[in-house]
């Protein structure tokens, strides 16, 4: 049980360190208006970045891990489509990978 405790704490700390620099500027920019092209760019960048990171990992993955990536991408796609929330999508992906690696392999 101790091993899983450290995995969970490590994942939460990594999530906080990753989210804080991305969410903190939103508090300072709240209420400001930007032109339509810039807003479209801001909406597309997170999904594009996430897609590039995932695709890179899938292409270099060992054959034993490819199924895990396919399952995780499927879960991330469904959560992203339903919630349209990047934070929930990332958490669902992390949870899926964690469960797959620790209970299904």
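In my numbering, the protein residues as written are 203 to 307. In this text, a Cβ means the ideal position worked out from N, Cα and C, and glycines have one as well.
Query: With burial defined as no fewer than 16 other Cβ atoms inside 10 Å of the residue's Cβ, what is the status of residue 251: buried or exposed?; Result: exposed
Query: Here's the rule I'm using: 16 or more other beta-carbon atoms within 10 Å means buried, otherwise exposed. How should residue 308 be labelled?; Result: Residue 308 is absent from the model: the chain starts at 203 and stops at 307.
Query: Would you report the Cα separation of residue 276 and residue 266, rounded to the nearest angstrom?; Result: 17 Å
Query: With DSSP collapsed to three states, give me the class of residue 233.; Result: coil
Query: Determine the extent of the alpha helix (DSSP H) in which residue 302 is found, giving its start and end residues.; Result: Residue 302 -> no alpha helix (DSSP H), and no H or E assigned at all.
Query: Just confirm the distance between the C-beta atoms of residue 290 and residue 281, as a whole number of angstroms; I'd bet it's less than 8 Å.; Result: 6 Å
Query: Locate the alpha helix (DSSP H) running through residue 278, then write down its first and last residues.; Result: 268-285
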